[in-house]
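>
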Amino acid sequence: MISFFSNILKRDNSTTSLSTTTERTPTNQLFRRCSKQCDHPNPLWQRFGLVWIPSNSNTHAKDLLYNLFSLPFYFGSLLDDITLHSQLLINVGDAFIVNLKKEPPLSKARWNLVVLARNEAIVKAKIIFSKSQFVLEKMPDLDIQSFIAENNLNMIHKPWYLKESQILSDVGMKTQLAFGVGKEYLKQHFPLGDFQRRVLAIDKERKIPVFELSLAGLSIERQKKCLGEADRLRNFGNSFIWRIWGIIDDDINCKIIFEEIVYGSVREYVKSGSRNPYQLIGFLIQVAYGLSYLEQFEFIHFTFNIHSLIITFNYNIKISITGNTKDGLVAEEPLYECEESVRWHPAECLRISGGKERIGSLYDFKTIIFIFGNIVWSLFHEAETPFSEMEKEHVFDYEMRKDKEVDFKNDQTPTQLQKLIKKCWNKTPQNRPSFPNIIKNLEKVYNSESSL
12 MISFFSNILK RDNSTTSLST TTERTPTNQL FRRCSKQCDH PNPLWQRFGL
62 VWIPSNSNTH AKDLLYNLFS LPFYFGSLLD DITLHSQLLI NVGDAFIVNL
112 KKEPPLSKAR WNLVVLARNE AIVKAKIIFS KSQFVLEKMP DLDIQSFIAE
162 NNLNMIHKPW YLKESQILSD VGMKTQLAFG VGKEYLKQHF PLGDFQRRVL
212 AIDKERKIPV FELSLAGLSI ERQKKCLGEA DRLRNFGNSF IWRIWGIIDD
262 DINCKIIFEE IVYGSVREYV KSGSRNPYQL IGFLIQVAYG LSYLEQFEFI
312 HFTFNIHSLI ITFNYNIKIS ITGNTKDGLV AEEPLYECEE SVRWHPAECL
362 RISGGKERIG SLYDFKTIIF IFGNIVWSLF HEAETPFSEM EKEHVFDYEM
412 RKDKEVDFKN DQTPTQLQKL IKKCWNKTPQ NRPSFPNIIK NLEKVYNSES
462 SL
C-alpha cells in the first residue's frame with residue numbers, strides 16, 4: 012500500500028504542505044455535560060463541546076470520537092457532495108478524511124482518506140479505529156499519521172474561525188435555487204438574520220459554495236449568544252442535518268457560515284408539481300434518519316415541521332435545526348403561540364380554551380414523531396399544512412383538536428404509509444413508534460413495488 016501510494020503521488024517536492032501535527036485537546040474541554048435541569052432544556056445544555064457523545068455510548072465509542080474530532084483534516088459529512096472534492100483537491104498529494112456515504116454504527120465505523128493522485132485521479136483508502144488509533148483497514152499495523160508523513164500528504168484542514176475576507180460574492184456561480192428559497196421565504200422561516208448565498212475561500216486556491224447568515228441586525232448580546240451556540244455545534248450533525256462550516260466574529264462582522272442549500276425547500280418542491288411516490292418516501296427515510304440522529308444526542312428540535320426540510324445536492328434532504336426562531340440560533344422551547352407551528356403539534360401540547368396549563372406531556376421526541384406523521388401526510392397532499400381549514404382560535408384549543416385528525420383527501424398515500432401515519436398520530440404518546448421502527452417501515456414500503 013505504501014509503495015502504491017508513493018508511485019501515484021510522485022510530485023514536485025517543492026509543493027508546500029500544511030502541517031499535520033495535531034495538538035490533543037484535554038478531554039475535559041472536548042466533552043462537557045451540564046447538569047442543569049428544567050422542563051424544557053435548551054438542546055445545547057444536554058451534551059456539547061467540540062465532541063458530541065451519543066447518550067448510550069460506551070468507553071470505546073467515546074475514545075473513538077475524541078480521537079476522530081482531534082483530527083483537523085476530518086470533514087465528517089460536510090463533503091458528502093463529491094463535487095466539492097475536486098474543488099478542494101488541487102495539487103497531487105492533497106488529502107482529507109470524510110465519512111463513508113452511509114454511516115454505520117460506531118462499532119463498525121469506517122472512514123475514507125481521500126487523496127489526489129497523478130493524472131487528476133482521486134484515490135480513496137478506508138480507515139478504521141483500532142487500539143485507540145486510526146489505521147488503514149488493509150494495513151492495520153500502520154497508523155494514519157505515519158502514513159501521512161511517509162507519503163508527504165498535504166492534509167487540507169477543516170476551517171472554523173473564518174475571516175470576512177474569506178467570504179466572496181456568488182456572482183458567476185451557477186444558480187440552482189429553484190424551489191422557494193427567496194428572500195421572503197428565508198425571512199419568514201429563518202427569521203434570525205439575513206441569509207445570502209456566498210463562496211467560502213478556504214485558501215487562495217480552494218473555494219466552495221456556502222450560505223451566509225449575517226447577525227448584523229441583532230444586539231451585541233444576542234450576537235454573542237448565537238455565536239456561542241454555533242461554536243457548540245461545530246462538530247454536530249450528519250448527512251441528514253444542515254451543518255455549519257464556521258463563524259466570523261470581528262469588530263465589524265458577525266456571521267455564521269452554513270452548507271449550501273442547492274435546490275431549496277422541500278415544501279415548495281412538492282407544491283410545484285406531481286412527485287413520484289418513490290422519491291417522496293426516499294425523502295422521508297432521510298428525514299427519519301436525521302431525527303434518529305438528533306434523538307441519540309437528546310437534541311429536541313422545538314421548531315420541527317415541513318419548513319425545516321431543505322433539498323441539497325443530488326436531491327438529498329437535510330433538516331435545519333438552526334435559525335428557525337428570532338430568539339437564538341437554536342430554539343430553546345416550542346413555539347406554542349405561533350399558529351403555523353401549532354398546526355403541526357399534537358393535541359397534548361395544547362391548552363383548554365381560556366386555560367394556562369397544557370393537557371399532556373411536554374414537547375419531547377414523541378411529539379416529534381407525531382409531527383413526522385403530519386409531514387408524511389403533507390408530502391402526499393401537495394405539502395398542505397395540517398388543519399389548514401381550521402379557524403385560528405380553534406387551532407390552539409385542545410377541545411377542538413383532541414378528537415380530530417386531518418383527512419386523507421386523495422388516493423396518493425400508499426396504504427402502508429397511511430397505517431404508519433396513524434401510528435404516529437396515536438393519542439397516547441408512549442404508543443407511537445420509535446424512529447428505528449419508522450425507518451424499518453419506510454424502507455419496507457420503499458422496497459415493495461406492490462405497495463405503490
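Every position in the sequence shown, counted from 1, becomes a number in the numbering used here once 11 is added. Cβ atoms here follow ideal geometry from the backbone N, Cα and C, with glycine treated the same way. No experiment lies behind these values; they were computed from the predicted model shown.
(1) Buried or exposed for Ala-128, please, with buried defined as at least 16 other CB atoms from any protein chain shown within 10 angstroms of its CB.
(2) Keeping to the same chain, check which residues put their C-beta closer than 6 Å to that of Phe-376; ignore five residues upstream and five downstream.
(3) If we ignore side chains and look at the alpha-carbon of each, how far apart do Gln-5 and Val-298 end up?
(4) Just to check my reading of the structure: Val-387 and Ile-322 have Cβ atoms closer than 8 Å, yes? What is that Cβ distance to the nearest angstrom?
(5) Does any residue of chain C have a CB that is nearer than 9 Å to the CB of Glu-454?
(6) What three-state label does DSSP hand Ser-230 in the structure shown?
(7) Taking Phe-381 as part of the alpha helix (DSSP H), name the residues at either end of that continuous run.
(8) DSSP state of Arg-354, grouped into three classes?
(9) Ignoring anything shorter than 4 residues or poking outside the segment 253-309, list the alpha helix (DSSP H) runs there in chain order.
(10) Would you kindly work out how many angstroms separate the C-alpha atoms of Cys-360 and Arg-217, rounded to a whole number?
(11) Only counting runs of 3 or more residues, tell me where the beta strand (DSSP E) segments fall wholly within the segment 306-336, in order along the chain.
(12) From Cys-265, Asn-249, Arg-245 and Ser-250, pick the residue whose C-alpha is nearest to that of Trp-256; which is it?
(13) Sort Gly-104, Lys-174, His-200 and Pro-151 by Cα distance to Cys-349 and report the nearest one.
(14) How big is the Cα-Cα spacing for Thr-378 and Glu-351?
(15) What is the rounded straight-line gap between the Cα of Asp-205 and the Cα of Ile-263?
(16) Ignoring anything shorter than 3 residues or poking outside the segment 84-162, list the beta strand (DSSP E) runs there in chain order.
(17) Judging by CA-CA distance, which residue of Leu-340, Lys-403, Asp-414 and Pro-170 is the nearest neighbour of Pro-357?
(18) Opposite Val-221 in the DSSP bridges: which residues?
(19) To which residues of the same chain is Ser-250 closer than 6 Å at the C-beta, ignoring the five residues directly before and after it?
(20) Checking 9 Å against the spacing of the C-beta atoms, do Ile-450 and Ser-303 come in under that value?
(21) The alpha helix (DSSP H) that contains His-200, what's its start and end?
(22) What is the DSSP secondary structure of Asn-165, counted as helix, strand or coil?
(23) With distance defined between alpha-carbon atoms, name the residue in Asn-335, Thr-424 and Val-146 nearest to Ile-292.
(24) CB-CB under 7 Å to Phe-446, same chain, minus the five flanking residues each way: which ones, in chain order?
(25) So, using beta-carbon positions, are Leu-99 and Ile-155 closer together than 9 Å?
(26) Between the Cα of His-392 and those of Pro-288, Val-146 and Tyr-77, spot the shortest distance and give me the residue it belongs to.
(27) Would Asn-165 and Ala-212 be called neighbours here (beta carbons separated by less than 9 Å)?
(28) Among Ile-133, Arg-208, Asn-448 and Phe-407, whose alpha-carbon lies nearest the alpha-carbon of Arg-354?
(29) How would you label Val-182, buried or exposed, when you count the other beta carbons within 10 angstroms and need 16 or more for buried?
(30) How many Å lie between Arg-243 and Leu-61 at the Cα?
(31) Which residue's Cα is closest to the Cα of Lys-420: Leu-390, Arg-443, Lys-403 and Pro-440?
(32) Quick check on Ile-178: does DSSP put it in helix, strand or coil?
(33) Does the Cβ of Leu-373 have 16 or more other Cβ atoms within 10 Å, making it buried, or fewer, making it exposed?
(34) For the structure I just gave you, are there three or more beta carbon pairs, one from the segment 306-315 and one from the segment 264-280, closer than 8 Å?
(35) Starting from Phe-190, follow its DSSP beta bridges and name the residues at the other end.
(36) What does Tyr-172 pair with, by DSSP beta-bridge criteria?
Once the coordinates are examined:
(1) That one is buried.
(2) Answer for Phe-376: Glu-306, listed in chain order.
(3) An answer regarding residue 5 cannot be provided, because it is not within the stretch 12 to 463 covered by the chain.
(4) About 17 Å; that fails the 8 Å criterion.
(5) Within the model displayed, chain C is absent; a lone protein chain is all it includes.
(6) coil
(7) 376-390
(8) coil
(9) 277-282 and 288-307
(10) 48 Å
(11) 320-322 and 328-330
(12) Arg-245
(13) His-200
(14) 16 Å
(15) 15 Å
(16) 105-110, 122-127, 133-141, 144-147 and 150-154
(17) Asp-414
(18) Arg-209 and Glu-270
(19) Ser-88 and Asp-91
(20) yes
(21) 194-200
(22) Annotated three-state conformation of Asn-165 is strand, per DSSP.
(23) Out of Asn-335, Thr-424 and Val-146, Thr-424 has the C-alpha closest to the C-alpha of Ile-292.
(24) Ala-299, Leu-302, Ser-303 and Glu-306
(25) no
(26) Measuring from the Cα of His-392, the nearest candidate turns out to be Pro-288.
(27) no
(28) Phe-407
(29) In the assembly as shown, Val-182 is an exposed residue. Its beta-carbon has fewer than 16 other beta-carbons within 10 Å.
(30) 7 Å
(31) Leu-390
(32) strand
(33) exposed
(34) no
(35) Gly-275
(36) Ile-258
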